[in-house]
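As numbered in my numbering, residues 734 to 1238 make up the sequence shown, in order.
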Amino acid sequence: MNDVLLRTVRRVGTSGAPVDVHVVDGRVASAAPAGTLDPTSVDTDVLEAAGAWLAPGLVDHHTHFDQWALVRRRVDVAGCDSAETTAAVLAEVARTGVSDPVLVGHGYRDGLWPRPARRELLDGAAPDLPVVVISADLHAVWCNARALEHFSALVGRPLGAGDDGVLREQDAFDVTGALSRVPDEVLDGYVADAVEAAAARGVTRVVDLEMVFGLDRWRRRVHDGVDGLRVDSGVYPAELDAVIARGLRTGDVVDGTRGLVRMGPFKVITDGSLGTRTAANADGSGMLTWPFEDLVAVTRRAVDAGLVPAIHAIGDRANTLALDVFEAVGARGTIEHAQLVADGDFDRFARLGVAASVQPEHAMDDRDIADHYWAGRTERAFAFATLDRAGARLLLGSDAPVAPLDPWVSMAAAVGRDRDGRDPWHPAERLSALAAWRGSTDGRVGVSVGDVADLVLLEEDPLAVAVGSGSGSGSGSGSGSGSDALRSMRVLATAIAGRFTHRDV
Ligand SMILES: [Zn+2]
C-alpha cells in the first residue's frame, strides 16, 4: 500500500552512480541501476529525483520541543543594534499580519544601544497589538502600552513600567511565564508547525527532553494528526516513579502512536551551565546539583527499571562525576553536553560505553564566553575530535531552543567550528564530516536494501560539500565554505517509513 519509487537518486556513501530505489511498506525493498526499476502498480508514487542524493533520515538527540515550538514563533531581534531598529523590525512583522494575540520579539541586548528603549517606540510599531520584546538574558522585557495592560491582567497585578516600558527581574519572569502558559490546543498547533519545520530540514527523529514528561502529550498529538516526526520522550527524576509504575522502559513504543513515539531516556542534571557560570569545574567553580551517592542511587533505580540514563554534565568536574556514576552503576547511556572534559576522562567514554551527546552550535555561541571563563582550558572544551579519536560515540543535537532545531547547523558547527566569517575556534577539534554525519544518522552512512525507509533527499552530497572546512586539514585558515554549504543544505524530501513528511520535488 505504501509504495514509492525514487527514480535516479545517488546514494550518500557510494561513488554516486545513479540508481532507482523502491520503497515498499516502510522499507527499502530494492535498488538497481537508474532506469531499470518500473512502478509495480498504478498506485506507486513515482518521484523523479534527477540525481539528488538519498540518505538516512536525521536525528536531533537533544531538544526541548515544546519550548522550541514556543520560541520559534518569536521574532528574533538579536541582530538589532538600537531600540529604533528593533521597533522597526517588529513594525514590519506587525504590518504583515500577526495571528497570535501578542507580538513577541526575542533576544535584545541594549547594553551598547546609543539611546535607551522607550515604550512609545513599540506603541508606534503596533498601537493596537500587545508587543513585548524579551532580552537575551531573559531578565528584562520591553513592552508597549497594550502589552503592559495585557500582562497586568494575566499575572493579576498592575505591572508598572516607566517611560522605557521595561519590566525587570520578577516582573519580567512573570511575563515570560505567562507567555509559556498557553492552552494545550494552542501549543499543539505551535508544535505541529515546529514538526513540519523539522521535517523540512530532514529530521525524522528527535529526543525530547522537555522538563515535564511529554509522552502523553505526544500521544495526543499523533492522534490529532501531528505525525511528521518520531519522538523519544525523556523523563526527569520528579516523574521517575510514575514512569516506573507504568512499566515504561527506554525504547518501548507507545500504543496508539503508529510506532512514532517511544519512551526516551532518564535525564538527570548534575551541574549548571557555562553562560550562567554554574558549570561544575575541577577548579572548584560552579555547582553540583546532586551528591554523588544520591546520583548513583537514582540512576541505579532508573537502570533497574529499564531506563537508559542521559546525564547532563557541562564542566569537567561534572563530567568526571557523570562518568563515575556510569562506572558505579555499570550502565551505558549518554552524557548530555560533555562541554569540558578532563584529559584523563576522554578514554573513559568508550571504555564505559557512554556516548557523548553534544550540541556543536553551542561552541559557536559560547566561544567568547569559554575563552573568558575557561581560559587556559579551552583546548579540551567542545573537544569533538579528541572525543572521536578516543573512541567515544558522538551524538549530535541542538538543545533547541538554545540553538535552532536544525541538524545542518549542528553538523556545520562540528565540522567547521566557524561562523559569521570568523576564524575556526580550536580548528584541531573540528570533527570529520563522516563522524558528524554518523552522529546525526544513528550511525548510518548510506541507505541499504532492507533499511527502514526513514530517508532524506538532498540537493548535494553532504560528505562532499563538507570537505574544505573540516575533514582534518588542520591548516587553521578555514575558508568556511564547507560549513556554509552544510548550514544551507537544501532538503528536497523527507520520509518516515516511506511516508513523506516533507516534499519539495
Ligand atoms: Zn537541554
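We treat Cβ as the ideally placed atom computed from N, Cα and C, and that holds for glycine.
Every value quoted in this text rests on a predicted model; they were computed, and no experiment measured them.
- When Asp897, Phe1117 and Arg991 are compared against Gly1149, the one with the closest alpha-carbon: If we check each option's Cα against that of Gly1149, Phe1117 comes out closest.
- Message: Helix, strand or coil, according to DSSP, for Ala1046 in the structure here?
- Response: In the structure shown, Ala1046 sits in a strand (DSSP, three-state: E or B).
- Decide yes or no for the touch test of the region 880–892 against the region 929–936: beta carbon pairs closer than 8 angstroms, at least 3 of them. Short answer: they don't touch.
- Query: Is DSSP giving Val1029 helix, strand or coil here?
  - Reply: Three-state DSSP puts Val1029 in a helix.
- Item | Where the beta strand (DSSP E) containing Pro1140 begins and where it ends | Note, Pro1140: premise wrong, no beta strand (DSSP E); alpha helix (DSSP H) at Pro1140 to Gly1149.
- Whose C-beta lies closer than 7 angstroms to the C-beta of Gly984 among residues of the same chain, with five residues either side of it excluded? A distance below 7 angstroms between beta-carbons, with the five flanking residues on each side excluded, links Gly984 to the following residues of its chain, in chain order: Arg995 and Met996.
- Task: Have a look at Asp1184 and Ala1228 and give me their C-alpha separation to the nearest angstrom.
- Result: Those two C-alpha atoms are separated by around 13 angstroms.
- Query: Cβ of Asp941 versus every heavy atom of ligand 1: is any distance shorter than 6 angstroms?
  - Reply: Every heavy atom of ligand 1 is 6 angstroms or more from the Cβ of Asp941, so no.
- Query: Taking DSSP as the reference, what is the three-state secondary structure of Pro1195?
  - Reply: Helix.
- Bridge partner(s) assigned by DSSP for Tyr841: Answer is Ser868.
- Item | Inter-residue Cα distance where the pair is Met1020 and Leu1028 | Approximately 14 angstroms between the Cα atoms of the pair.
- Taking C-beta to C-beta, are Gly1005 and Thr1011 nearer than 7 angstroms? In contact: Gly1005 and Thr1011 (Cβ atoms closer than 7 angstroms).
- Inter-residue spacing [alpha-carbon to alpha-carbon] between Pro1140 and Asp896: Distance between the alpha carbons of Pro1140 and Asp896 is about 42 angstroms.
- Task: Put Thr1234 into one of helix, strand or coil per three-state DSSP.
- Result: Reduced to three states, the DSSP call for Thr1234 is strand.
- Task: Within its chain, find whatever has a CB closer than 7 angstroms to the CB of Asp1104; leave out the 5 residues flanking it on each side and keep chain order.
- Result: For Asp1104, where only same-chain residues beyond five positions count, the Cβ hits under 7 angstroms are Thr1111.
- Item | Reduced DSSP secondary structure (H/G/I, E/B, other) of Trp786 | Three-state result, Trp786: strand.
- Where Arg1126 falls, given that 16 or more other Cβ within 10 Å makes a residue buried: That one is buried.
- Task: For Gly1205, count neighbouring C-beta atoms within 10 Å of its own C-beta (all shown protein chains included) and say buried if the count is 16 or more, exposed if not.
- Result: With a pLDDT of only 42 at Gly1205, under the threshold of 50, the placement of this residue in the model should not be trusted, and no figure is reported.
- Helix or strand or just coil, what does DSSP make of Leu1007? Of the three classes helix, strand and coil, the one that applies to Leu1007 here is coil, per DSSP.
- Query: Using the C-alpha atoms, what's the distance from Glu1026 back to Pro970?
  - Reply: Roughly 15 angstroms between the two C-alpha positions.
- Which of helix, strand or coil does DSSP assign to Trp875? Trp875 falls in the strand class under three-state DSSP.
- If you drop the 5 nearest sequence neighbours on each side, which residues of the same chain put their C-beta closer than 7 angstroms to that of His1242? Given that the chain is displayed from residue 734 to residue 1238, the structure contains no residue 1242 and the question cannot be resolved.
- By how many angstroms is the C-alpha of Val754 removed from the C-alpha of Asp1076? Asp1076 and Val754 have their C-alpha atoms roughly 46 angstroms apart.
- Task: Please report the Cβ distance between Tyr923 and Arg806, rounded to the nearest whole angstrom; I am assuming they are in contact, meaning their Cβ atoms lie under 8 angstroms.
- Result: 6 angstroms between Cβ atoms; contact.
- Message: What would DSSP say about Glu781, mapped onto helix, strand or coil?
- Response: Strand, per DSSP.
- Of all the alpha helix (DSSP H) runs that stay within the bounds of the region 904–952, which reach a length of 4 or more residues? With a minimum length of 4 residues, the continuous alpha helix (DSSP H) runs that stay inside the region 904–952 are 917–933.
- Should Asp1132 be counted as a contact of ligand 3 given a C-beta to heavy atom distance under 6 angstroms? Ligand 3 is not part of the structure shown, which contains ligand 1 as its ligands.
- Query: Excluding five sequence neighbours on each side, which residues of the same chain lie with their C-beta closer than 7 angstroms to the C-beta of Ala1186?
  - Reply: Cβ neighbours of Ala1186 beyond the five flanking positions: Val756, Gly759, Arg760, Val761, Ala1228, Ala1230 and Gly1231.
- What are the complete beta strand (DSSP E) segments, minimum 3 residues, inside the region 1109–1183? Whole beta strand (DSSP E) segments, 3+ residues: 1127–1129.
- Item | Residue closest to Thr937, alpha-carbon to alpha-carbon, out of Leu1225, Asp1217 and Pro789 | The candidate whose alpha carbon is nearest that of Thr937 is Pro789.
- Check Thr1022 in the structure and name its three-state DSSP category. The three-state secondary structure of Thr1022, taken from DSSP, is coil.
- Query: Among Ala1197, Asp736 and Glu781, which one has its Cα closest to the Cα of Pro751?
  - Reply: Considering only alpha carbons, the answer is Glu781.
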